[in-house]
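Heads up: the structure comes next, in structure tokens.
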Amino acid sequence: MDNTVKKYRYWEWRTIVVLFIGYALFYFVRKNLGMAIPAMEAELGISKTQLGIFLTLHSIIYGFSRFVNGMLVDRFSKKKIMALGLLLTCAVNLFICFSPKLNGMLTLLDAEGKATLGLVYLIGSLWVLNGYLQGMGVPPCVSLLAHWVKPDELATKQSIWNVSHTLGAGIVVALCGFMLDNYGYSAWYLCFMVPALIALVGVPVLWFGLKDDPSEVGLPPVEKMGKDAAEKSGEPDPLENIDGKKYKKIINRMVFGNPFIWIIGISNFCIYVIRLTILDWGASFLTETKGMDISQAGGLLATTEILGGTLGMLLAGWLSDKLFKSKAHRTCFFCIVFATLTFFLFWKCESVVLSFVFLVFSAFFIYGPQALYGVCASQQATKYAAGTGNGIIGIFGYASSVVSGVIFGNLAETGGWDSVFPIAIAFGVAGAIAIGLMWNAPADGYEKLNKIVKETK
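Okay, structure coming up:
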């Protein structure tokens, strides 16, 4: 292995590790609210109903932000956008922590020390703003990974990065639970302050630990890394810093006019319906239909996320590169088929033990596409438009919360959970059919991109 390849491997893994740490810290200041809500209810009198609309808006704004920032990272510094996003989301969390202290300047607390509508709207609005700032996390990650990881290794290595989701969420939930258990519900503000202070450490790590492109450290474009890599060291990427007209043409052809991106988005919408149904309503249907108590339900849901989700992502990435020759969309097809089947078996079985097994397996298969659809979008859009491509599929994914949230909530209330499961399963079947249309698609879009480049010369 020559020095150029060694240098590339060092920077590749440095980028993956820094992004892993950075994005896990984004989750510290995103998944902390869920643990704080019971304490905020008890101490401030803020109800789930009052905050419900802001939680919904948070998801919608988050999806919109991923799209906007996806376009921005394809044109501007990725590391700066990510570092700025983490800094600002920490600031918002700290503001929420100290917001009751503003009482007097504003009417935020009543005579009994409970929250007025003013405090509800203040915290809710800050959480919606946090949704936009959180959308500055994923786009830089997927774009940087596409710039630093070779296309035929992207599925495996991006899946490793994806574990940061479950790890960050798991740690912050445990941390907040520990603080509330030891200091009581009156210390609800620690759920915002402590994770924010920890996450702030990630800002300089991102700023100084990342490079936007291999050329910044004297390396050739990642897709040119091979036997003659040493000769290409320092060779500029011909499509970096291109003019606006050429960039617009690439975006239009590789993203907006690329049918594969829209197929991935539609299939992502469908699988997210099942994923968010488990995440949002899991505790409800486990206690109401399976006879579990809340502690059993919580333990099962934690297992589906940490065990099923992590193993599902890692195995799906490895299979995509090794078995399907980097055609991640083929892995996604099988994952969705089995995710839908195991979710159906979970619905129909009566045994608590089998319910546990089938739900864990359902999560195992769901998290394959959850990790790989971003890879599919990056591969088909190429590294030059990976942020924009992932932005589109992100909008599809989080738009599904309208179905899994409002619609399924109403159906469960009026017709019971047996009216919800068939529809969720139907979405799974539709998602498998959609991604199946891509079966013969190439592993990536670089050949198509080269043709577009030749046309513009």
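Per our numbering, the sequence shown starts with residue 1, numbered consecutively. For every residue, glycine included, the Cβ atom is placed at its ideal position computed from N, Cα and C.
Going by C-alpha to C-alpha distance, which of the options sits closest to residue i?
i    : options                : result
A302 : L286, A432, R66, L314  : L286
F20  : V429, F396, I306, L167 : L167
L473 : S47, N410, L219, R330  : Look at the range of the chain in this structure, 1 to 457, and you will see that residue 473 is not part of it.
Y132 : L145, M40, S159, F54   : F54
F343 : P100, D213, A426, G391 : A426
W262 : L354, A371, G177, N390 : N390
L190 : V360, A36, A363        : A36
A472 : F408, F356, A39, C376  : For the chain, the structure presents residues 1 to 457; residue 472 sits outside this window and is missing.
E12  : L145, G265, F361, A174 : L145
T304 : T89, V360, V173, Y62   : V360
G118 : P100, G135, N130, Q134 : P100
T89  : V403, V222, Y62, I392  : Y62
D213 : W207, L206, P221       : P221
K327 : Y373, M292, F338       : Y373
K150 : A174, E43, K224, F178  : K224
F364 : N182, S77, G394, I274  : I274
M254 : Y446, F192, A39, L180  : Y446
A187 : Y10, I366, E41         : E41
R66  : F396, R14, L354, K325  : F396
S47  : Y121, N268, T277       : Y121
M82  : M179, L25, A424        : L25
N258 : R30, K448, F76         : K448
G291 : W347, V68, F76         : W347
I271 : I60, Y8, V357, A434    : A434
L180 : P38, V403, V429        : P38
S362 : I407, G409, W417, L300 : L300
Quick one: what's got a C-beta closer than 8 Å to residue i's C-beta in the same chain, skipping five residues either side?
i    : result
L458 : With the chain represented from 1 up to 457, any question about residue 458 goes unanswered, as that position is not in the structure.
L84  : M136
V464 : This structure leaves residue 464 out entirely; the chain is present only between 1 and 457.
K211 : W11, T15, K79, V217
Could you check what DSSP says for residue i in three-state terms: helix, strand or coil?
i    : result
P220 : coil
S47  : coil
C90  : helix
M292 : coil
V453 : helix
F338 : helix
G257 : coil
T437 : As written in the sequence, residue 437 is Leu, which differs from the Thr given in the question. Coil, per DSSP.
K184 : Position check: residue 184 holds Gly in this sequence, whereas Lys was assumed. Coil at G184, not helix or strand.
V149 : coil
R66  : helix
E12  : helix
G428 : helix
T277 : helix
G416 : coil
M35  : helix
V29  : coil
P140 : helix
P466 : With the chain covering only 1 through 457, there is no way to say anything about residue 466.
K245 : helix
G308 : helix
F76  : coil
Q134 : helix
K114 : coil
S404 : helix
Might you give, ordered along the chain, the residues of its own chain that have their beta carbon closer than 6 Å to the beta carbon of residue i, omitting 5 neighbours on each side?
i    : result
G387 : G70, V73, D74, P139, S143
L57  : V128
N162 : M313, A371
W439 : none
C141 : L19, Y23
G209 : V18
N93  : V29, F192, A196
I264 : Y373, C376, A377, I393
A381 : M254, V255, G389
T156 : G317, W318, D321
N130 : T89, V92
Quick one: residues in its chain with C-beta nearer than 7 Å to the C-beta of residue i, no 5 flanking neighbours on either side, listed in chain order?
i    : result
I411 : Looking at the sequence shown, residue 411 is not Ile but Leu. Here the set comprises S419, V420.
F95  : L126
G368 : G312, M313, A316, T331, C332, C335
F28  : G168, V172, P195, I198, A199
A385 : D74, I250, I251, M254, V255
A165 : With the sequence shown as reference, residue 165 is identified as His, and Ala is not the correct amino acid for it. Correct list, in chain order: Y27.
Does any CB atom of chain D fall closer than 9 Å to the CB of residue i?
i    : result
P139 : Here there is only one protein chain, and chain D is not present.
The ligand MN and residue i: does the residue's C-beta get closer than 8 Å to at least one heavy atom of that ligand?
i    : result
V120 : Among the components of this structure there are no ligands whatsoever, and the ligand MN is therefore not found.
Evaluate contact between the segment 441-456 and the segment 305-314, counting only Cβ atoms and requiring at least three cross-stretch pairs below 8 Å. When Cβ pairs closer than 8 Å are counted between the two stretches, the segment 441-456 is seen not to touch the segment 305-314, the count staying below three.
Which ranges would you report for the alpha helix (DSSP H) in the segment 151-213 if only whole runs of at least 4 residues count? Segments of the alpha helix (DSSP H) lying fully in the segment 151-213: 154-183, 190-200, 202-209.
Which parts of the segment 311-398 are runs of the alpha helix (DSSP H), unbroken and 4 residues or longer, counting only runs that do not cross its ends? Qualifying alpha helix (DSSP H) stretches, in chain order: 328-348, 352-381.
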